[in-house]
Amino acid sequence: MAEDITPLLRVTDLKVHFPVAGEGFGASKSVVKAVDGVSFDVRAGETLAIVGESGCGKSTTGNAILGLNPVTSGRIEFEGRDMASLTRAERAAQWRDLQVVFQDPVSALNPKRTIGQSIEEPLAIQRVPAADRRARVAEVMSLVGLNPSQRDRFPNELSGGQRQRVVIARALAYQPKLIVCDEPVSALDVSIQSQILNLLLKLQQDLGLALLFISHDLSVVRHLADRIAVMYLGHVVEIAETQTLFDSPEHPYTQALLSAVPQPDPRAERNRRTILLEGDLPSPIDPPKGCPFVTRCPIREARCATDRPRLEPIRPGQQVSCWVRAGA
Amino acid sequence: MTEPTLQISGLQVQVGPHKVIDGVDITVQPGQIVALVGESGSGKSLTALSIMGLLGGKLRNAGGTITLSGTPLEHTSDAAMRRLRGQRISMIFQEPVASLNPLLSVGAQVGESLVAHGKADAGSAWSRAVQMLRDVGIPEPEKRARQLPSQLSGGMCQRVMIASALIARPELLIADEPTTALDVTIQAQILELMRRLREQTGTSILFITHDLGVVASLADRVCVMYGGRIVEQADVDDLFDNPAHPYTRMLLATIPRVDSPRKQPLFSIPGTVPDHDDWPQGCRFRTRCPLAGDACLQTPPLEPKAAGHLAACWHSDKVAGMIDHG
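So the protein lines, in turn, are chains A and R. Residue numbers for the first sequence follow my numbering, beginning at 100 and rising by one. Residue numbers for the second sequence follow my numbering, beginning at 2 and rising by one.
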């Protein structure tokens, strides 16, 4: 097993809480517990997906790793070094290794810069000589399937899929070790999605990149990820190798989530049994005391309302946070 | 034979000289759920707005007829259309929160169409609204009816939209991507609700979506749109089993499925959807189509390829063998 090797990224008991004004005049301030004790590793060259529905904290987790959200408590270590302990200069240097691709390529690119300038910018910030920068821009443009002769085009002259290729090229410019991809294909049309997924797959295989792939789309995640962490209301409720998670999901939320995805097969759809969950996501301002899923859980027991379960191994490569499934 | 709930023939919509909808034919039978599928820019939402008589700005209806249970729709008359909307045809949209009035209680909004059409006074409209909220699965409907949309979740707001669309028992409900903005577990609830309401009320539904999983799960019949035209139309099983248009065939091949091999390259359609002012002459898919030939410079008609199965392609017979899944 690879447990003794330092992972590329290690997140330990991460909490991100945001203060918000209370409801009503004069009400006291309350706290949104967007991420409330999340731990996972990303190994070099692997794809870890974080899945969950809106408000589960998956993007907040990604943003905390990127330094875009303040961290309330917990540790984020990159190659064994605690990111909170880095000096400004060390932190800046780390941006070479850690990059990001967001959902919407339109807002991720400066409309007044050519795509060549946008791709070149991180290299300029890292003080790469101008001649080398030009060569590298051409190189990464080819890598992502853009013709380097398009470098003087502006984002509005490109299609959505091409713009996302530009964003990916910019993320690759400095040969990162990890790219955080936050819903990278969700804004794209179906016929374009597969082009970008194929590109990410190929880049990862060719360059040995690790991806932290944040998505709500389980079919996409199944295709791309080595392991999957399922988040609900600020917590990881299950983490497993991809095939294991799809073959034998253990957490009742994971089971409901997997059963809810409609498949492009009318006959299978007619026979499908969807586990319909009652109600909606509880407010992250006032989450349940015990298990975060207790209010909607079809198999809850008395202790689920009072005691918070932890992630426990249930079979090789699979951990679940559930008193009923894995409680001792 | 019973009259179809909705019959669209030869619909055309223009922006300046460009035909953004170019000869669309759709039939929805009573109690049927017809899915209208396409990517952004294919014209599916414009088709819906045309039916409702809600084209605005530079868009204008440039031809074709639309009949609702045999009644031709008079899009030229605002008053005539207003009598139909919310009464005989209703529409729900992708963004439920943006579609609701933030300053009006949801009960008042659900009952509004009854009052507006003189079908009920405020008091009885309120009690019917509460009943309707219960029918769409909103817990504690008496309490919820008094609340504002901002006090409800997105999934609840979409239930409120559905309640207000269906309270007058319309013949036709047009649903434009009603679950796209919702989470998948909430989407499952809404799809289940639409199935149940169709069983109970017999309302016909024109369901607009880009999600082929949702199509497979909900639709009886499917119309596939590309470039402002219907390129294929068939019953749902037939469409997924035997697609007769290359675009449909390729679209089905691009989606990762729960049983497809992981980490293998997915099939992808070359190129991108051209803008509406840049569509190729003849078949509009030909610039991205591996089967395209000289014949495709002529626009292929939407014609029967098998019983109940229409496609607009000169090379339908080659579609089955076009993708090698080796």
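For every residue, glycine included, the Cβ atom is placed at its ideal position computed from N, Cα and C.
Residue i in three-state terms, based on DSSP
i, result
"A:Y352", "helix"
"A:A101", "Because A:A101 sits at a pLDDT of 46, beneath the cut-off of 50, its placement in the model cannot be relied upon, and the following sentence gives the value as read from the coordinates. Residue state, collapsed to three classes: coil."
"A:N246", "coil"
"R:L97", "It should be pointed out that residue 97 of chain R corresponds to Pro in this sequence rather than to Leu. DSSP places R:P97 in helix when its eight states are reduced to three."
"A:D181", "strand"
"A:S314", "strand"
"R:V259", "coil"
"A:I373", "The amino acid occupying residue 373 of chain A in the given sequence is Thr; Ile does not appear at that position. A:T373: coil per DSSP, three-state reduction."
"A:S290", "helix"
"R:V320", "coil"
"A:C390", "coil"
"A:L167", "coil"
"R:H76", "coil"
"A:Q362", "coil"
Spatial distance of residue i from residue j (CA atoms)
i, j, result
"R:R147", "R:G87", "22 Å"
"R:P281", "R:P305", "24 Å"
"R:G32", "R:V107", "27 Å"
"A:T160", "A:K114", "9 Å"
"A:E256", "R:T186", "37 Å"
"A:S172", "A:D112", "7 Å"
"A:E377", "A:R395", "6 Å"
"R:L267", "A:L296", "8 Å"
"A:H116", "R:L101", "31 Å"
"R:I34", "A:L410", "44 Å"
"R:L198", "R:P179", "15 Å"
"R:D276", "R:P150", "36 Å"
"A:E238", "R:G17", "43 Å"
"R:G353", "R:K59", "Since the first residue of chain R shown is 2 and the last is 327, residue 353 of chain R is not available in this structure."
"A:D364", "R:T210", "16 Å"
"R:D177", "R:L192", "13 Å"
"R:W315", "R:D26", "19 Å"
"R:D318", "R:G294", "14 Å"
Residue from the options with nearest C-alpha to residue i
i, options, result
"A:F430", "A:D196, A:L108 and A:E368", "Nothing about residue 430 of chain A can be reported from this structure: the residues present for chain A run from 100 to 427 only."
"R:R250", "R:V259, R:I270 and R:Q265", "R:I270"
"A:W436", "A:P415, A:G416 and A:C403", "It is not possible to answer for residue 436 of chain A, since the shown part of chain A is limited to 100 through 427."
"R:A169", "R:L50, R:T202 and R:R145", "R:T202"
"R:E172", "R:H316, R:V29 and R:Q152", "R:V29"
"A:S258", "A:R424, A:I214 and A:A163", "A:I214"
"A:P228", "A:Y273, A:V170, A:Q362 and A:T405", "A:Y273"
"A:E340", "A:H334, A:G333 and A:P348", "A:P348"
"A:R252", "A:I278, A:Q225 and A:I218", "A:I218"
"R:D184", "A:L277, A:L357 and A:Q342", "A:L357"
"R:G283", "R:S261, R:L153 and R:V232", "R:V232"
"R:E75", "R:L153, R:A99, R:I256 and R:G54", "R:G54"
"A:R371", "R:I324, R:T255 and R:L219", "R:L219"
"R:Q152", "R:L104, R:L85, R:S46 and R:D26", "R:L104"
"R:Q265", "R:A189, R:I256 and R:R84", "R:I256"
"A:Q193", "A:G166, A:V134 and A:I149", "A:G166"
"R:S91", "R:V259, R:L37, R:L12 and R:A164", "R:A164"
Neighbourhood of residue i by C-beta, 6 Å cutoff - its chain only, sequence neighbours within 5 removed
i, result
"A:E412", "One detail in the question is off: residue 412 of chain A reads as Pro in this sequence, not Glu. The residues are Q418."
"A:L380", "G154"
"A:T343", "G416 and Q417"
"R:A312", "E233, A245, H246 and K306"
"A:T447", "In this structure chain A extends from 100 to 427, so residue 447 of chain A is not present and cannot be described."
Contact set for residue i: own chain, Cβ-Cβ below 7 Å, skip 5 residues either direction
i, result
"A:S158", "D281 and I313"
"A:A101", "Caution applies to A:A101, whose pLDDT of 46 falls short of 50 and renders its modelled position unreliable; the value that the coordinates give is listed next. Around A:A101: R142."
"R:Y227", "G39, S43, Y248, R285 and F286"
"R:L115", "A121, A126, R129, I168 and A169"
"A:A359", "T373"
"R:N62", "V14, S51, L56 and H76"
"A:I398", "P351 and V423"
Proximity test, Cβ basis, 9 Å: residue i and chain B
i, result
"A:Q294", "Of the chains in the structure shown, none is chain B; the protein chains are A and R."
TODO: Note down, in chain order, all residues in the region 227 to 256 of chain R with a beta-carbon under 7 Å from any beta-carbon belonging to chain A.
DONE: V237, D238, F241, L252, L253, T255 and I256
TODO: Identify each residue in the region 336 to 348 of chain A for which the Cβ-Cβ distance to at least one residue of chain R is less than 9 Å, and report them in chain order.
DONE: T341, Q342 and F345
Task: Residues within the region 182 to 193 of chain R neighbouring chain A, beta-carbon criterion of under 8 Å - done: D184, V185, T186, I187, Q188, A189, Q190, L192 and E193
Task: Within 8 Å of chain A by C-beta, residues of the region 270 to 288 of chain R in sequence order - done: I270, T273 and V274
TODO: Could you run through the region 141 to 163 of chain A and flag, in chain order, every residue whose CB is less than 7 Å away from some CB of chain R?
DONE: E152 and S153
Open item on the list: Tell me which residues of the region 311 to 332 of chain A have at least one Cβ-Cβ distance to chain R shorter than 8 Å, keeping chain order.
Closed with: H315, L317, S318, V319, R321, H322 and L323
Open item on the list: Tell me which residues of the region 88 to 107 of chain R have at least one Cβ-Cβ distance to chain A shorter than 7 Å, keeping chain order.
Closed with: none
Open item on the list: Against chain A, which members of the region 199 to 214 of chain R pass a CB distance test of less than 9 Å?
Closed with: H211, D212, L213 and G214
Open item on the list: Under 7 Å, CB to CB, which of the residues in the region 350 to 363 of chain A have a partner in chain R?
Closed with: A355, L356, A359, V360, P361, Q362 and P363
- [ ] Residues of the region 371 to 386 of chain A with a CB closer than 7 Å to any CB of chain R: list them in chain order, please.
- [x] T373, L375, L376 and D379
TODO: Return the residues of the region 281 to 293 of chain A that lie within a Cβ-Cβ distance of less than 8 Å from chain R, sorted by chain order.
DONE: D288, V289, S290, I291, Q292 and S293
Task: chain A contacts made by the region 156 to 174 of chain R, where a contact means CB separation under 9 Å - done: G156 and M157
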